[in-house]
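Written out below as structure tokens is the structure these notes cover.
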Amino acid sequence: MDFIRAFRPIKTFSDHWGFKKHWRSAHYYLGDAYQDELQKRKREDWEIKPENAGPYLRYIQAISSEWPQLRLLADFMEVGTDPLRWRNFYGDDDKNQYTYPDDPEERQKAQSNRVEKTRVRQLEYSSDGGVKLVGEYKNPKELGDALKALGKRRGGKDSVGTDVKLKLFVAEDLSREVIEQLGHHFDIDPDFFRAHIFDYAWFNIRDPTWNPPSLHMDVISRDWYQIRFCRARYFQSQALFSDAQDEANKFNIGRKLYEDENKAFWDIDVPPKLVKKRPPPEPKPIEYLRSLTTVLGAPVPKKKGTDEETPPDGSRRSSPEKDKRVDAELKRLEEEEIIGKVGLMRTRATFWKKKWEGDCDVGVLLLDPTIKEGFPLWRGYRNWDPIPSEKSSDRHNSCVPSLTRSKSEVEASFFEDFMYWAQRPNVFKHSSSPALDMNRVPELALLRLVCAEWLTLSEYIKTRLSQIDWEVTHPKEFLTQTQIDTILKKLHTWRRLVPLYREMLSETKSRLSHATSSSPTVSASTGSDSTGSDSTGPDLLTAYKDEFGLVLEQMEEYEKRIDRLTGVVTSAISIMDSRRVERLTLLATLFVPLSLVASLFSMSEDITEIGVTFGYWAAASLFLLIVLLLWAWLTGSQSHRK
Numbered sequence: 000m001d002f003i004r005a006f007r008p009i010k011t012f013s014d015h016w017g018f019k020k021h022w023r024s025a026h027y028y029l030g031d032a033y034q035d036e037l038q039k040r041k042r043e044d045w046e047i048k049p050e051n052a053g054p055y056l057r058y059i060q061a062i063s064s065e066w067p068q069l070r071l072l073a074d075f076m077e078v079g080t081d082p083l084r085w086r087n088f089y090g091d092d093d094k095n096q097y098t099y100p101d102d103p104e105e106r107q108k109a110q111s112n113r114v115e116k117t118r119v120r121q122l123e124y125s126s127d128g129g130v131k132l133v134g135e136y137k138n139p140k141e142l143g144d145a146l147k148a149l150g151k152r153r154g155g156k157d158s159v160g161t162d163v164k165l166k167l168f169v170a171e172d173l174s175r176e177v178i179e180q181l182g183h184h185f186d187i188d189p190d191f192f193r194a195h196i197f198d199y200a201w202f203n204i205r206d207p208t209w210n211p212p213s214l215h216m217d218v219i220s221r222d223w224y225q226i227r228f229c230r231a232r233y234f235q236s237q238a239l240f241s242d243a244q245d246e247a248n249k250f251n252i253g254r255k256l257y258e259d260e261n262k263a264f265w266d267i268d269v270p271p272k273l274v275k276k277r278p279p280p281e282p283k284p285i286e287y288l289r290s291l292t293t294v295l296g297a298p299v300p301k302k303k304g305t306d307e308e309t310p311p312d313g314s315r316r317s318s319p320e321k322d323k324r325v326d327a328e329l330k331r332l333e334e335e336e337i338i339g340k341v342g343l344m345r346t347r348a349t350f351w352k353k354k355w356e357g358d359c360d361v362g363v364l365l366l367d368p369t370i371k372e373g374f375p376l377w378r379g380y381r382n383w384d385p386i387p388s389e390k391s392s393d394r395h396n397s398c399v400p401s402l403t404r405s406k407s408e409v410e411a412s413f414f415e416d417f418m419y420w421a422q423r424p425n426v427f428k429h430s431s432s433p434a435l436d437m438n439r440v441p442e443l444a445l446l447r448l449v450c451a452e453w454l455t456l457s458e459y460i461k462t463r464l465s466q467i468d469w470e471v472t473h474p475k476e477f478l479t480q481t482q483i484d485t486i487l488k489k490l491h492t493w494r495r496l497v498p499l500y501r502e503m504l505s506e507t508k509s510r511l512s513h514a515t516s517s518s519p520t521v522s523a524s525t526g527s528d529s530t531g532s533d534s535t536g537p538d539l540l541t542a543y544k545d546e547f548g549l550v551l552e553q554m555e556e557y558e559k560r561i562d563r564l565t566g567v568v569t570s571a572i573s574i575m576d577s578r579r580v581e582r583l584t585l586l587a588t589l590f591v592p593l594s595l596v597a598s599l600f601s602m603s604e605d606i607t608e609i610g611v612t613f614g615y616w617a618a619a620s621l622f623l624l625i626v627l628l629l630w631a632w633l634t635g636s637q638s639h640r641k
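Here the sequence shown is numbered in numbering that gives the first Met the number 0, starting from 0 and rising by one per residue.
Structure representation (structure tokens):
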């Protein structure tokens with residue numbers, strides 16, 4: 000049956016993920032946080048000598064002994080990615096899809112690709128409200144030439160002579176060359192790059208990647224800040240989800256795609272099971288005569304425009320080629336079985352900005368890459384461009400990358416979405432304050448995109464909790480008697496994730512609160528002064544702070560709902576367990592009179608009287624059994640009335 004097939008055992012993420020005991024030792028193959036000598040020996044494999052390193056890498060190597068958290072940044076720049084990818088330490092990447100091969104030449108080639116990976120775009124925001132895409136840099140040389148040209152142009156003027164308010168460099172992913180070029184040219188705080196490399200929800204007590212927390216007063220005085228959020232992505236099968244996990248491992252920065260470990264009845268779409276064609280049975284003589292009489296007594300219908308007769312059973316004759324096409328299509332539909340999966344990836348956006356040597360403001364924004372496999376959950380967010388009027392002649396002036404449907408159009412990624420909205424400042428104008436500080440446009444675009452991701456994730460959590468509600472309310476339709484325990488596993492997933500999401504939202508809201516309560520600057524955490532409107536900036540940030548506050552309230556409500564559902568499911572499991580015990584008790588009770596009477600009658604030693612004894616045993620046992628059943632029925636009916 001299709002229903003049974005839809006709920007056949009499916010490998011969960013835990014089964015696919017599969018905990019491996021060697022992961023514990025492989026994670027500390029390079030040494031834990033307390034094994035300095037072992038770490039030093041392992042670094043000899045990839046360490047770059049100061050005379051061969053760039054100026055920014057030499058600077059980080061020199062200060063990493065006094066600031067130990069920067070040692071990981073130096074390792075990242077030397078290796079080109081996570082140091083644990085220097086070899087196949089985990090033993091699960093035999094084809095070296097994301098780890099370096101053992102062959103020196105192949106390793107050097109793979110390392111060079113990671114080290115030189117560059118995807119940077121430059122934007123300029125002018126005082127008249129214009130935004131210009133200055134250039135796109137796909138290799139270190141192009142980026143270096145652009146930075147040299149930037150140093151030659153002074154005075155805050157563009158090529159036309161317009162006052163430039165902000166020069167922004169947007170980078171997707173990180174590499175040694177990108178860090179070297181941007182960090183050295185703008186003298187950026189190394190912690191800015193260090194904070195973007197990995198995303199860990201928590202640390203084990205031996206982790207060498209431990210990043211000591213900073214005091215809040217130190218965080219708000221930095222010239223950079225970071226926003227953490229989560230993106231949800233949909234996949235049509237487990238194979239596509241696995242491909243996406245492999246794709247995430249190919250990022251230079253450390254990001255992981257996790258399955259939410261939740262699946263519901265509506266996630267699975269099984270095409271109708273095909274039934275093999277069988278030849279029609281031979282008609283019986285009487286049925287054959289009846290059908291023959293019917294055919295002879297009624298005119299045979301014909302097709303319009305043809306002389307081909309329609310068979311008496313009403314079916315149509317088809318050619319063998321058409322039958323083959325139909326069979327092929329049905330086979331294709333049968334193979335296209337959809338088992339929807341949703342992957343969750345924690346993401347970071349890190350923004351640095353300051354006044355650059357008396358010139359205009361300069362900013363650097365680091366964004367995470369986007370997995371190409373799958374789709375944004377529910378095909379993304381709402382188009383923020385105003386809907387054109389019915390009488391408008393220009394109805395196709397909006398082409399948001401994530402909302403496009405054609406693969407030939409702009410790549411659907413968070414990077415492309417930011418570039419699209421960052422060049423449309425009119426979207427961020429407040430209705431009550433038409434003036435807009437151009438210095439704030441990149442921040443407003445980033446905040447709007449992040450808030451949209453949070454709103455989508457919030458709706459997704461609500462969907463999963465509502466599905467769990469339905470499963471608890473109607474277990475016969477959606478669950479079997481043995482699947483009630485799986486609901487607790489789903490709830491435990493959200494009990495683990497929702498507090499983490501609440502922490503991310505609280506962190507973002509706290510920084511926005513500080514920005515709105517401080518002096519009217521571009522951002523209190525960026526340390527740069529604004530020459531634009533002093534009144535519109537804080538108002539806009541306050542609006543976004545309220546938006547994040549609303550999502551935070553939803554997360555808090557979800558936490559309460561999860562606790563309530565956990566109590567309900569636990570009670571349901573207890574009730575089912577008590578019913579099982581009741582059935583076992585009743586079953587054991589039914590055998591009490593039988594065994595009792597058998598024991599009493601077994602005292603007879605005369606085997607010749609066994610027939611009479613059996614009769615007495617049957618009569619006495621049946622009588623006691625009827626009395627016992629009557630008593631159980633009466634007590635059960637009274638308990639139901641209560």
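All C-beta atoms in this analysis are idealised placements derived from N, C-alpha and C, irrespective of residue type, glycine included.
Note that the structure is a prediction, hence the values are computed from the model and not measured.
Residue state for PHE202 is assigned as coil, using DSSP reduced to three classes. For ILE252, no alpha helix (DSSP H) encloses it, and the DSSP letter there is neither H nor E.
With 16 or more other Cβ atoms from the protein chains shown falling within 10 Å of its own Cβ, TYR557 counts as buried.
Between ALA148 and ARG42, the alpha-carbon positions lie close to 37 Å from each other. DSSP places ILE483 in the helix class (H, G or I) of the three-state scheme. The straight-line gap separating the alpha-carbon atoms of ASP198 and SER577 is approximately 45 Å.
Going by beta carbons, VAL119 and PHE168 fall inside the 8 Å limit. According to DSSP, residue pairing for ILE338 in a beta bridge involves ILE267. Leaving aside the five residues that flank LYS544 on each side, the residues in its chain whose CB is nearer than 7 Å to its CB run, in chain order, LYS508, LEU511, SER512, THR515.
In the structure shown, LEU496 falls within a helical segment according to DSSP collapsed to helix, strand and coil.
Note on geometry: alpha-carbon atoms of SER241 and LEU366 lie some 23 Å from one another.
Within the same chain, Cβ atoms closer than 6 Å to the Cβ of ARG494 are found at ILE561, the five residues on either side in sequence being excluded. The straight-line gap separating the alpha-carbon atoms of ARG106 and LYS39 is approximately 21 Å. With respect to the C-alpha of GLU260, the residue from TRP377, VAL341, ALA52 having the closest C-alpha is VAL341.
Around the CB of ASN112, fewer than 16 other CB atoms lie within 10 Å, so the residue is classed as exposed. Between the region 120-129 and the region 85-104, the count of C-beta pairs closer than 8 Å stays below three; the two stretches do not touch. With contacts defined by Cβ atoms closer than 8 Å, LEU490 and THR565 form a contacting pair. In this structure, LEU71 lies away from ILE178, with their beta-carbon atoms at least 8 Å apart.
Every alpha helix (DSSP H) of 4 residues or more that sits fully in the region 44-79 is shown, in chain order, as 54-62, 70-78. In the DSSP annotation of this structure, the continuous segment of the beta strand (DSSP E) that includes VAL133 starts and ends at 130-136.
Sorting ARG347, ILE486, GLN553, VAL550 by C-alpha distance to the C-alpha of VAL567 places ILE486 at the top. Measuring C-alpha to C-alpha distances from GLU415 to each of LEU448, SER64, PRO592, PRO424 identifies LEU448 as the nearest. PHE427 places its beta carbon less than 8 Å from that of ALA444.
One alpha carbon belongs to GLU65, the other to GLU46, and they sit about 18 Å apart. In the DSSP assignment, PHE168 falls within the beta strand (DSSP E) that extends over 163-171. A straight line joining the alpha-carbon of ALA587 with that of TRP616 spans about 19 Å. Contact check for GLY379 against LEU402 passes: the beta carbons are separated by less than 8 Å. For ASP266, same chain residues with a beta-carbon under 6 Å away, outside a window of 5 residues either side, are GLY339 in chain order. A straight line joining the alpha-carbon of LYS137 with that of THR117 spans about 5 Å. Residues of the same chain with a CB within less than 8 Å of the CB of LEU464, apart from the 5 flanking positions on each side, are TRP493, TYR557, ARG560, ILE561, LEU564 in chain order. Collapsing the DSSP output to three states places TYR28 in coil. Comparing alpha carbon positions, the residue from LEU165, ASN210, LYS140, GLY253 closest to ASP81 is GLY253. Taking C-beta atoms as the reference points, ALA243 and ILE370 count as a pair closer than 8 Å. Within the DSSP secondary-structure output, MET344 pairs in a beta bridge with ARG230. In this structure, LEU343 places its C-beta atom within 8 Å of the C-beta atom of ALA231.
In the structure shown, LEU122 falls within a strand segment according to DSSP collapsed to helix, strand and coil.
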